[in-house]
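Chemist: Residue 328 in the numbering used here sits at position 320 of the sequence shown; the count goes up by one each step and never skips.
Glycine residues also receive a C-beta, built at the ideal position from the N, C-alpha and C atoms.
My questions all concern the structure below.
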Amino acid sequence: MTSTRTIRASRPSRLRRAGIAGTAAITMVLSACGGDGGQGGGGDGGGGGIIIGTNDDVPSLDPAECYSYMCGTIIDNVGATLVSYKPGETDPSPDLAAAEPEISEDEKTYTFKLRQGVKFHDGSDLTSEDVKFSLNRARWIAHPDGASFLLGGIDSIETPDPQTVVITLAEPDITFGAKLAYNVATIVPSDGAFKSPEGPLPEDAPQEEKDSFLNQELIAAGPYTLEEFRQNESIELSKFADYFGEPSKNDQVLVRFFAESSQMQAALQSGDIDVAFRELTPEQRESLQNSEDIKTVEGKGASIRYMVFNIDPKNKVISEKSVRQAIAATIDRQRLVDNVLAGGAEPLYSMVPPLFEDANVPAFKDFYEGKNASDFLDEPVSIDLWHESSGHYGDTETALAQEIGRMLEESGMFKVNVQNAEWAQYSDNNAPAATSPYPTYLLGWYPDFLDPDNYIQPFYDSKGYTQNYDNPKMDELIAQEQTADSSDSPQRMETFKEIQQLAAEDAPIVPLYVQTPFAFARNNIQGLEETMDASQVFRFNLLSKQ
Numbered sequence: 009m010t011s012t013r014t015i016r017a018s019r020p021s022r023l024r025r026a027g028i029a030g031t032a033a034i035t036m037v038l039s040a041c042g043g044d045g046g047q048g049g050g051g052d053g054g055g056g057g058i059i060i061g062t063n064d065d066v067p068s069l070d071p072a073e074c075y076s077y078m079c080g081t082i083i084d085n086v087g088a089t090l091v092s093y094k095p096g097e098t099d100p101s102p103d104l105a106a107a108e109p110e111i112s113e114d115e116k117t118y119t120f121k122l123r124q125g126v127k128f129h130d131g132s133d134l135t136s137e138d139v140k141f142s143l144n145r146a147r148w149i150a151h152p153d154g155a156s157f158l159l160g161g162i163d164s165i166e167t168p169d170p171q172t173v174v175i176t177l178a179e180p181d182i183t184f185g186a187k188l189a190y191n192v193a194t195i196v197p198s199d200g201a202f203k204s205p206e207g208p209l210p211e212d213a214p215q216e217e218k219d220s221f222l223n224q225e226l227i228a229a230g231p232y233t234l235e236e237f238r239q240n241e242s243i244e245l246s247k248f249a250d251y252f253g254e255p256s257k258n259d260q261v262l263v264r265f266f267a268e269s270s271q272m273q274a275a276l277q278s279g280d281i282d283v284a285f286r287e288l289t290p291e292q293r294e295s296l297q298n299s300e301d302i303k304t305v306e307g308k309g310a311s312i313r314y315m316v317f318n319i320d321p322k323n324k325v326i327s328e329k330s331v332r333q334a335i336a337a338t339i340d341r342q343r344l345v346d347n348v349l350a351g352g353a354e355p356l357y358s359m360v361p362p363l364f365e366d367a368n369v370p371a372f373k374d375f376y377e378g379k380n381a382s383d384f385l386d387e388p389v390s391i392d393l394w395h396e397s398s399g400h401y402g403d404t405e406t407a408l409a410q411e412i413g414r415m416l417e418e419s420g421m422f423k424v425n426v427q428n429a430e431w432a433q434y435s436d437n438n439a440p441a442a443t444s445p446y447p448t449y450l451l452g453w454y455p456d457f458l459d460p461d462n463y464i465q466p467f468y469d470s471k472g473y474t475q476n477y478d479n480p481k482m483d484e485l486i487a488q489e490q491t492a493d494s495s496d497s498p499q500r501m502e503t504f505k506e507i508q509q510l511a512a513e514d515a516p517i518v519p520l521y522v523q524t525p526f527a528f529a530r531n532n533i534q535g536l537e538e539t540m541d542a543s544q545v546f547r548f549n550l551l552s553k554q
């Protein structure tokens, strides 16, 4: 692929896995950032460093492979996309794009004009060739661990000049603009260290071939440069002086990974870290909320938990709609929130969370209120309820499964066998549904993009991956909302209502609760409130020390 760019300089390798050199580097960063005792940038963005602790993990820093919250957060802070979410907004705005795209009358062609003068971290100019290369790269690699499916609707990408990108879809997609804000659409240099297939890899291409195109030394055009990535230990970021947007309010960010949430809590209380984010137990959260030295910031929930029913004829019990309805009628969501999560969530009566006010319909509450399991079953049945046991969803997962089992058995209509598996095995076994040994199991969902469709299509479309649900009427309704005249039209909201009502009646999935995101920080940290917004983008560049 040719390019009009001239590379002025190349950065040395920044990826370190372990060893004395890496430990020394972290020590220097800690000294520079310093908790309460180190350098602190002023509230006006005068500099300094921020240390963020988490017990989440970062399996990859390649936009073509990343598909989890924390790796997405790092890429969001290092990278840039055509459109993104401004603080406090839930509709994407131009980012690398200079303005809103021109959309053709048939709603299949999007023409973007790029900002002038945008630089990559390696000093090279960002052009339309990089946009084409990056989007094609992600969708052509189609890594099984990534989110290339969000770009699957693209038919072609053209670059008539260095500042113009023309993206044509195979079919209209009202959600396409929001999908471009996800980190899979991060723009990387086309003539540097990143490799791409010449075209789509075969569907049966071995993962080793897909992995050969990956690059963990992320170079992009966002507010930070990646300085060091030490797997399961830390990630060091530095402020990018040539960033095209508002400059970061801090000079450096160090993300530290903790194996145990108790270690992260202790580090925050001692001042060894400035911010703790994802995930603390309810008891640890309550302890920090009562601390005079720590402030709590509560965000808007978008991450949901739910129970999946594998509607396969081999699962003779759970494939009966009456059994699923009996379970749905028995679930006491407020009891789960109170007894398991200590109030750290809200009951959820639809897969669409209340974040989307106009699209959310409490259909499960409306359909099942006042009904009991015995209204649907004539005699008790036995079910297996599976959950993961290695902490992927935090330390409350076993308690959650056991509490659900108890409430089902208390109805007198169920005998529940609660079973578990560690995440690697659990995730391999729960999908695809056709081969899954789990008839009933617990999962969670974090949105790929901010649109109600992202809580609908993946779960209720007949091509869904986890539950073998197939209802032609549901497919028809999903197609209607995806091709609506506008994302917030009254007709689309009415279609969402019909979808949720049908989903409650068929009950292929039972929504449980929407988690409340919490971040905890030392009292001298500013900007946390601004970034804990509905977009779910955790923006490091807004944080500073008072």
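Compute the Euclidean distance between the alpha carbons of D219 and K505, then round it to the nearest angstrom.
Modeler: As a first step, residue 219 must be located in the sequence shown, where it is residue number 211. As a first step, residue 505 must be located in the sequence shown, where it is residue number 497. If you draw a straight line from the Cα of D219 to the Cα of K505, it comes to about 42 Å.
Chemist: Please look up how many angstroms separate the CB atoms of L158 and Y190, rounded, as I've assumed it's under 8 Å.
Modeler: Residue mapping note: residue 158 aligns to position 150 of the sequence shown, counting from 1. Residue mapping note: residue 190 aligns to position 182 of the sequence shown, counting from 1. Going by Cβ atoms, the distance from L158 to Y190 rounds to 6 Å, so yes, they are a contact pair.
Chemist: Quickly, what does DSSP pair K127 with across the bridge? List them, please.
Modeler: Residue numbering aside, residue 127 sits at position 119 when the sequence shown is read from its first letter. DSSP output for K127 lists D133 as bridge partner(s).
Chemist: Would Q465 be called buried (16 or more neighbouring beta carbons within 10 Å of its own) or exposed?
Modeler: Sequence index remark: in the sequence shown, residue 465 carries index 457 (1-based). With 16 or more Cβ atoms within 10 Å of its Cβ, Q465 is classed as buried.
Chemist: V66 and M78 look like a contact to me (Cβ under 8 Å); what is the Cβ gap, rounded to whole Å?
Modeler: Walking along the sequence shown from the start, residue 66 turns up at place 58. Walking along the sequence shown from the start, residue 78 turns up at place 70. Indeed, because the Cβ distance is near 5 Å, the residues count as touching under 8 Å.
Chemist: If you check the beta carbons only, do L344 and L520 fall under 9 Å apart?
Modeler: Reading the sequence shown from its first residue, position 336 is the one you call residue 344. Reading the sequence shown from its first residue, position 512 is the one you call residue 520. Against a cut-off of 9 Å, the Cβ pair of L520 and L344 comes out as a contact.
Chemist: Assign S39 to buried or exposed, taking buried as 16 or more other Cβ atoms, counted over all protein chains shown, within 10 Å of its Cβ.
Modeler: Working through the sequence shown from its first residue, we reach residue 39 at position 31. Low confidence applies here, because S39 scores a pLDDT of 42, under 50, leaving its location unreliable; read the following figure in that light. The residue in question, S39, is exposed, as its Cβ has fewer than 16 Cβ neighbours within 10 Å.
Chemist: For G420, count the other beta carbons within 10 Å of its own beta carbon; 16 or more makes it buried, fewer makes it exposed. Which is it?
Modeler: The count along the sequence shown starts at 1 and reaches residue 420 at position 412. Exposed, since its Cβ has fewer than 16 Cβ neighbours within 10 Å.
Chemist: Going by the DSSP bridge assignment, what does V348 pair with across the sheet?
Modeler: Taking the first residue of the sequence shown as position 1, residue 348 is located at position 340. In the DSSP output, where bridge partners are listed per residue, V348 has none listed.
Chemist: What residue range does the beta strand (DSSP E) around A527 cover?
Modeler: Residue mapping note: residue 527 aligns to position 519 of the sequence shown, counting from 1. It spans F526 to R530 - the beta strand (DSSP E) in which A527 sits, taken as one unbroken run.
Chemist: With L451 and Y314 assumed to form a contact (beta carbons below 8 Å), what rounded beta-carbon distance in angstroms separates them?
Modeler: Residue numbering aside, residue 451 sits at position 443 when the sequence shown is read from its first letter. Residue numbering aside, residue 314 sits at position 306 when the sequence shown is read from its first letter. Going by Cβ atoms, the distance from L451 to Y314 rounds to 6 Å, so yes, they are a contact pair.
Chemist: Tell whether a beta-carbon distance below 9 Å holds between F384 and A310.
Modeler: As a working note, residue 384 is residue 376 in the sequence shown. As a working note, residue 310 is residue 302 in the sequence shown. Cβ atoms of F384 and A310: not closer than 9 Å.
Chemist: In terms of alpha-carbon separation, which member of I517, S92, D114 and A105 lies closest to F546?
Modeler: Taking the first residue of the sequence shown as 1, we reach residue 546 at position 538. The shortest Cα separation from F546 among I517, S92, D114 and A105 belongs to S92.
Chemist: What does the alpha-carbon distance come out to for the pair G160 and R147?
Modeler: In the sequence shown, residue 160 corresponds to position 152, counting from 1. In the sequence shown, residue 147 corresponds to position 139, counting from 1. So the two alpha carbons sit approximately 7 Å from each other.
Chemist: Between which two residues does the alpha helix (DSSP H) holding L536 run?
Modeler: The sequence position of residue 536 within the sequence shown is 528, counting from 1. Here the alpha helix (DSSP H) through L536 covers L536 to T539.
Chemist: Using only the alpha-carbon positions, how far apart do K324 and S470 sit?
Modeler: By one-based count along the sequence shown, residue 324 stands at place 316. By one-based count along the sequence shown, residue 470 stands at place 462. K324 and S470: Cα-Cα distance of roughly 20 Å.
Chemist: Just grab the DSSP bridge partners of L393 for me.
Modeler: The count along the sequence shown starts at 1 and reaches residue 393 at position 385. The partner list for L393 (beta bridge, DSSP) reads V426.
Chemist: Kindly list the residues whose CB is nearer than 6 Å to the CB of A512, restricted to its own chain and excluding five residues on each side of it in sequence; keep chain order.
Modeler: Within the sequence shown, the letter at position 504 stands for residue 512. Counting only Cβ-Cβ distances below 6 Å, and skipping sequence neighbours, we find A371, F372 and F375.
Chemist: Between I175 and D280, what straight-line distance do the alpha-carbon atoms span, to the nearest angstrom?
Modeler: Here the question's residue 175 lines up with position 167 in the sequence shown. Here the question's residue 280 lines up with position 272 in the sequence shown. Those two C-alpha atoms are separated by around 47 Å.
Chemist: If distances are taken between C-alpha atoms only, which option among Q171, E216 and T183 comes closest to I149?
Modeler: Position 141 of the sequence shown, counted from the start, is the residue given in the question as residue 149. The shortest C-alpha separation from I149 is found at E216.
Chemist: What residue range does the alpha helix (DSSP H) around T357 cover?
Modeler: For the purposes of this step, residue 357 is taken as the residue at position 349 of the sequence shown. The sequence given here places Tyr at residue 357; Thr does not occur at that position. Per DSSP, Y357 belongs to no alpha helix (DSSP H) and is neither H nor E.
Chemist: Do you know offhand how far P102's Cα is from H151's?
Modeler: Translated into positions along the sequence shown, residue 102 becomes position 94. Translated into positions along the sequence shown, residue 151 becomes position 143. Near 27 Å, if we compare the C-alpha coordinates of H151 and P102.
Chemist: For T98 and L363, what's the separation of their Cα atoms in angstroms?
Modeler: Locating residue 98 in the sequence shown gives position 90, where the first residue counts as 1. Locating residue 363 in the sequence shown gives position 355, where the first residue counts as 1. Their Cα atoms are separated by approximately 10 Å.
Chemist: Should the segment 525-542 be called in touch with the segment 293-310, which here means at least 3 C-beta pairs below 8 Å?
Modeler: yes
Chemist: Rank E113, G154, D169 and G125 by C-alpha distance to the C-alpha of K140 and give the top, closest one.
Modeler: The sequence position of residue 140 within the sequence shown is 132, counting from 1. The shortest Cα separation from K140 among E113, G154, D169 and G125 belongs to D169.
Chemist: Taking all protein chains shown into account, decide if G154 is buried (16 or more other Cβ within 10 angstroms of its Cβ) or exposed.
Modeler: Your numbering for residue 154 matches position 146 in the sequence shown. Counting Cβ neighbours within 10 Å, G154 comes out buried, since at least 16 surround it.
Chemist: On the DSSP bridge assignment, give the partners of P321 in chain order.
Modeler: The residue labelled residue 321 in the question sits at position 313 within the sequence shown. For P321, no pairing in a beta bridge is given by DSSP.
Chemist: Starting from the Cα of E225, find the closest Cα among H129, L69, R286 and M482 and give me that residue.
Modeler: Start at 1 with the first residue of the sequence shown, and residue 225 comes out as number 217. Nearest C-alpha to E225: L69.
Chemist: Please go through the segment 257-319 and give each complete alpha helix (DSSP H) segment of 4 or more residues, from N-terminal end onward.
Modeler: 269-278 and 290-297
Chemist: In chain order, which alpha helix (DSSP H) runs of at least 4 residues are fully inside the segment 484-525?
Modeler: 498-514
Chemist: Which two residues bound the contiguous beta strand (DSSP E) that contains F120?
Modeler: Taking the first residue of the sequence shown as 1, we reach residue 120 at position 112. Unbroken beta strand (DSSP E) run through F120: T117 to K121.
Chemist: Work out the CA separation of A409 and K481 for me, nearest whole Å.
Modeler: For the purposes of this step, residue 481 is taken as the residue at position 473 of the sequence shown. For the purposes of this step, residue 409 is taken as the residue at position 401 of the sequence shown. Going by the C-alpha atoms only, they are around 32 Å apart.
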